[in-house]
Amino acid sequence: MTARPAHALDLDPERVTKDLASLVLTVVELLRQLMERQAVRRFDEGTLSAEQEDRLGTALMLLDERMDDLCAQHGLSRSDLNLDLGPLGPLLADPEP
Amino acid sequence: MSRHPAVVPAPGARDARSPTVVWAFAVTRTPPSEDTLVMTTAHEEGGPLRVLRAGSLCLVVQDVPAALFDETALRERLETPDDLERCARAHHRGVEAASRAGTVVPLPMATLYRGDLNAARAVASREAALASLLDRLADRTEWAVKVHAAETNAPLESATDTGTGTGTGTGGRAYLSRASARRRARLDARGKALAEAEAVDAELRRHAVAATRHRPQSEQLTGRRAPQLLNAAYLVDDAERAAFAAALDRIGADGRHPAVEVSASGPWIPYSFARLDEESEHTEREDAP
Numbered sequence: 001m002t003a004r005p006a007h008a009l010d011l012d013p014e015r016v017t018k019d020l021a022s023l024v025l026t027v028v029e030l031l032r033q034l035m036e037r038q039a040v041r042r043f044d045e046g047t048l049s050a051e052q053e054d055r056l057g058t059a060l061m062l063l064d065e066r067m068d069d070l071c072a073q074h075g076l077s078r079s080d081l082n083l084d085l086g087p088l089g090p091l092l093a094d095p096e097p
Numbered sequence: 001m002s003r004h005p006a007v008v009p010a011p012g013a014r015d016a017r018s019p020t021v022v023w024a025f026a027v028t029r030t031p032p033s034e035d036t037l038v039m040t041t042a043h044e045e046g047g048p049l050r051v052l053r054a055g056s057l058c059l060v061v062q063d064v065p066a067a068l069f070d071e072t073a074l075r076e077r078l079e080t081p082d083d084l085e086r087c088a089r090a091h092h093r094g095v096e097a098a099s100r101a102g103t104v105v106p107l108p109m110a111t112l113y114r115g116d117l118n119a120a121r122a123v124a125s126r127e128a129a130l131a132s133l134l135d136r137l138a139d140r141t142e143w144a145v146k147v148h149a150a151e152t153n154a155p156l157e158s159a160t161d162t163g164t165g166t167g168t169g170t171g172g173r174a175y176l177s178r179a180s181a182r183r184r185a186r187l188d189a190r191g192k193a194l195a196e197a198e199a200v201d202a203e204l205r206r207h208a209v210a211a212t213r214h215r216p217q218s219e220q221l222t223g224r225r226a227p228q229l230l231n232a233a234y235l236v237d238d239a240e241r242a243a244f245a246a247a248l249d250r251i252g253a254d255g256r257h258p259a260v261e262v263s264a265s266g267p268w269i270p271y272s273f274a275r276l277d278e279e280s281e282h283t284e285r286e287d288a289p
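Now the structure itself:
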């Protein structure tokens, strides 16, 4: 028999905060990647004006930098931000290197 | 309210109806020797290995305590990785012992019966299917092959760390074009690796009686930073084993498949090809997405 019942929750506040941060950042990263993918697709198709390209690119770049900062603040790396969805594979199919 | 004096069953009486269940390891035509049975410890909590006769077949089993192995207890235990591993290893030891004297059909882990009668009846009712499976597995072994994408040692530059002007002018466009190039490179690399994984599979299938694919393992499980592209098992005839090994060597030779890393292990008892419920089919179950 194990000392701790199987269904007990780990309520160490520091860990809970970190897990929550990692979950929230994972969702944000998912959205960021989706937006970037969409922007890149339109960029490749050439359906954006030069000004639109610049504004979109700048916004995505700032968001990318901000993600780095947030990850660093919470002691996470980008590759930590993923969920294994079992048969569906990982949530973020190709995480940033 | 006066209580009935508690009736405590005598220890002897309890032992007579010992609360055990029967864990089944494998079905075979050739039961292992008494020595093998005695020498093998499968589940540490259980009794010695035994052989049950069921028609023309034999079932290798072990009595295990119901308190640890009944449905609820076992389900809970198998959720903890340590217990899962102990059970899997114990099961494999039992299957291996059963296979000492000849071909076996290994049963899925946690095949449990309430008693000998149920176990023998379950085998007898599927005697024909088990017999043909035994014929199919005779003189054949399983080889496991995993193909991973090669880990890129030169990580693609991050979109942000080139020092071109930020925020203004060409910054945004430059970022998008870098992101686009990065994405193309990644898709290219993945496409190449997938094609090579398929080529490896095709080459190995030529020397196998049957092949099957399991779901690729997650990176957490493999401990690699590159995705697993192929998690395959091959049923190889003993007569073809040298040719299969030679094919593996050729595949592993430098430069043949630069985009992937191939690892193989075997020979194994053909667990992946011992499924009764799927008939004995020669086709693979699922294809890569």
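For the protein sequence lines, the chains are U and E, in the order given.
Take the first sequence: its position 5, counting from 1, is numbered 5 in UniProt numbering, and each next residue is one higher.
Take the second sequence: its position 243, counting from 1, is numbered 243 in UniProt numbering, and each next residue is one higher.
Cβ coordinates follow ideal geometry from the N, Cα and C atoms, glycine included.
Computed from a predicted structure; not experimentally measured.
Checklist entry - Closest Cβ-Cβ distance between E:Gly102 and chain U: below 8 Å? => result In the second sequence, the residue the question calls residue 102 of chain E occupies position 102. Not an interface residue.
Checklist entry - Whole alpha helix (DSSP H) runs in the region 3-50 of chain U with 4 or more residues, listed along the chain? => result 13-45
Item to check | Any 3 or more C-beta pairs closer than 8 Å across the region 228-247 of chain E and the region 181-189 of chain E | outcome: no
Item to check | Where U:Leu34 falls, given that 16 or more other Cβ within 10 Å makes a residue buried | outcome: For this step, residue 34 of chain U is matched to residue 34 along the first sequence. By the 10 Å Cβ count, U:Leu34 comes out exposed.
Checklist entry - Using the C-alpha atoms, what's the distance from E:Arg190 back to U:Val28? => result Along the first sequence, one-based indexing puts residue 28 of chain U at 28. Along the second sequence, one-based indexing puts residue 190 of chain E at 190. Cα to Cα, the separation comes out at about 25 Å.
Next on the checklist: Would you say U:Asp54 lies against chain E (beta-carbon separation less than 8 Å)?
Outcome noted: Taking the first residue of the first sequence as 1, we reach residue 54 of chain U at position 54. Answer yes: the Cβ-Cβ gap between U:Asp54 and chain E drops below 8 Å somewhere.
Checklist entry - Does the count of Cβ pairs from the region 108-116 of chain E and the region 20-39 of chain E closer than 8 Å reach three? => result yes
Checklist entry - With which residues is U:Asn82 paired in a DSSP beta bridge? => result Residue 82 of chain U sits at position 82 when you count from the first residue of the first sequence. Beta-bridge pairing links U:Asn82 to no other residue.
Next on the checklist: For E:Tyr175, would you say it is in contact with chain U, using Cβ-to-Cβ distances shorter than 8 Å as the test?
Outcome noted: Sequence index remark: in the second sequence, residue 175 of chain E carries index 175 (1-based). Cβ-Cβ to chain U under 8 Å: yes for E:Tyr175.
Item to check | Nonlocal neighbours in the same chain, by C-beta distance under 8 Å from E:Ile251, ignoring five residues either side | outcome: The count along the second sequence starts at 1 and reaches residue 251 of chain E at position 251. Result list for E:Ile251: Val200, Glu203, Leu204, His257 and Val262, in chain order.
Checklist entry - Can you list the beta strand (DSSP E) stretches of 3 or more residues lying completely in the region 171-226 of chain E, in chain order? => result 210-213
Checklist entry - Thinking C-alpha only, which one of E:Ala195, E:Leu133, E:Leu107 and E:Ala210 is nearest E:Ala149? => result In the second sequence, the residue the question calls residue 149 of chain E occupies position 149. The candidate whose alpha carbon is nearest that of E:Ala149 is E:Ala195.
Next on the checklist: Tell me which residues of the region 31-57 of chain U have at least one Cβ-Cβ distance to chain E shorter than 8 Å, keeping chain order.
Outcome noted: Glu36, Arg37, Ala39, Val40, Phe43, Asp44, Ala50, Glu53, Asp54, Arg55, Leu56 and Gly57
Next on the checklist: Against chain E, does U:Leu63 count as a neighbour if the rule is that its beta carbon must be under 8 Å from one of theirs?
Outcome noted: Residue mapping note: residue 63 of chain U aligns to position 63 of the first sequence, counting from 1. Not an interface residue.
Next on the checklist: Taking only three categories from DSSP, how would you classify E:Ala119?
Outcome noted: The residue labelled residue 119 of chain E in the question sits at position 119 within the second sequence. The answer is helix: DSSP assigns E:Ala119 an H, G or I state.
Checklist entry - Apart from the five residues on each side of it in sequence, which residues of its chain come closer than 7 Å, Cβ to Cβ, to E:Gln217? => result For this step, residue 217 of chain E is matched to residue 217 along the second sequence. The residues are Gln228 and Asn231.
Next on the checklist: Under 8 Å: do the region 119-129 of chain E and the region 49-59 of chain E share three or more Cβ pairs, one atom per stretch?
Outcome noted: yes
Next on the checklist: Which same chain residues end up closer than 8 Å to U:Leu25 when comparing Cβ atoms and leaving out the 5 residues on each side of it in sequence?
Outcome noted: Reading the first sequence from its first residue, position 25 is the one you call residue 25 of chain U. Only Met67, Leu70, Cys71, His74, Leu76 and Leu81 meet the Cβ criterion.
Item to check | Min CB distance U:Leu25 to chain E below 8 Å | outcome: As a position in the first sequence, residue 25 of chain U is number 25, starting the count at 1. Not closer than 8 Å to any Cβ of chain E, the Cβ of U:Leu25 fails to qualify, so no.
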